[in-house]
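**Q** The structure's right below; bear with me while I get my questions together.
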Amino acid sequence: MSSQSNNGDQFLGKWETEIASPMGKVPVSVEFTFQDGQIVGNAKQGEDTFTFHPTVAGDQLKWTMKITKPMSLSLNFVVSVDGDTMKGEAKAGFFVSSKLTGHRVSS
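Here it is as structure tokens:
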């Protein structure tokens with residue numbers, strides 16, 4: 142383990158999340174792992190899979206992910222966890238922020 146007080150360990154594992162978007166609820170499976178000393182995320186929504194490189198900022202995890210469906214946009218995520226519960230938001234450009242909630246399904 143790192144000597145840092147918060148290196149992202151609390152985010153590791155597989156998560157089932159849901160984004161409450163203006164177009165309805167969107168289920169997204171997310172997994173966070175360490176690769177070469179860096180936290181890496183993989184998200185799956187429907188048949189689409191995305192890899193991203195989040196950063197730990199205090200007790201939050203932040204990342205940007207480009208999607209192509211239902212339209213091409215960049216989503217900015219900010220999440221925090223409390224045990225096996227994840228909460229946060231996703232924001233796309235000028236659109237209002239969408240709430241993200243989730244739970245860990247495996248470590």
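Start counting the sequence shown at 142; every next residue gets the next number (my numbering).
Note that the Cβ used here is the ideal one computed from N, Cα and C, for glycine as well.
Note that the structure is predicted; figures quoted are calculated from it, not measured.
#1: Pop quiz: Lys249 and Ser215 are said to be a contact at Cβ under 8 Å. What is the actual Cβ separation, rounded to whole angstroms?
#2: How is Asp200 classed by DSSP in three states: helix, strand or coil?
#3: CB-CB under 7 Å to Gln179, same chain, minus the five flanking residues each way: which ones, in chain order?
#4: Taking just the CA atoms, how far does Val169 sit from Lys185?
#5: When the Cα atoms are used, what is the spatial distance from His244 to Phe175?
#6: Need the endpoints of the beta strand (DSSP E) that Thr158 sits in, please.
#7: In this structure, does DSSP put Asp189 in helix, strand or coil?
#8: Comparing alpha-carbon positions, which option in Ser213, Gly154 and Glu159 lies nearest Gly229?
**A** Taking the definition as stated:
#1: With the chain running from 142 to 248 in the structure shown, residue 249 is simply not present.
#2: Counted from its first residue, the sequence shown places residue 200 at position 59. Here Asp200 sits in coil by DSSP.
#3: On the sequence shown, position 38 is the one that residue 179 refers to. Excluding positions up to five away in sequence, the list reads His194.
#4: Taking the first residue of the sequence shown as position 1, residue 185 is located at position 44. Taking the first residue of the sequence shown as position 1, residue 169 is located at position 28. For Lys185 and Val169, the distance between alpha carbons rounds to 6 Å.
#5: Working through the sequence shown from its first residue, we reach residue 244 at position 103. Working through the sequence shown from its first residue, we reach residue 175 at position 34. For His244 and Phe175, the distance between alpha carbons rounds to 19 Å.
#6: Counting from one through the sequence shown, the residue named residue 158 turns up at place 17. Per DSSP, Thr158 belongs to the beta strand (DSSP E) from Gly154 to Ser162.
#7: Residue 189 sits at position 48 when you count from the first residue of the sequence shown. Asp189: strand per DSSP, three-state reduction.
#8: For the purposes of this step, residue 229 is taken as residue 88 along the sequence shown, with counting starting at 1. Checking every option, the nearest Cα to that of Gly229 belongs to Glu159.
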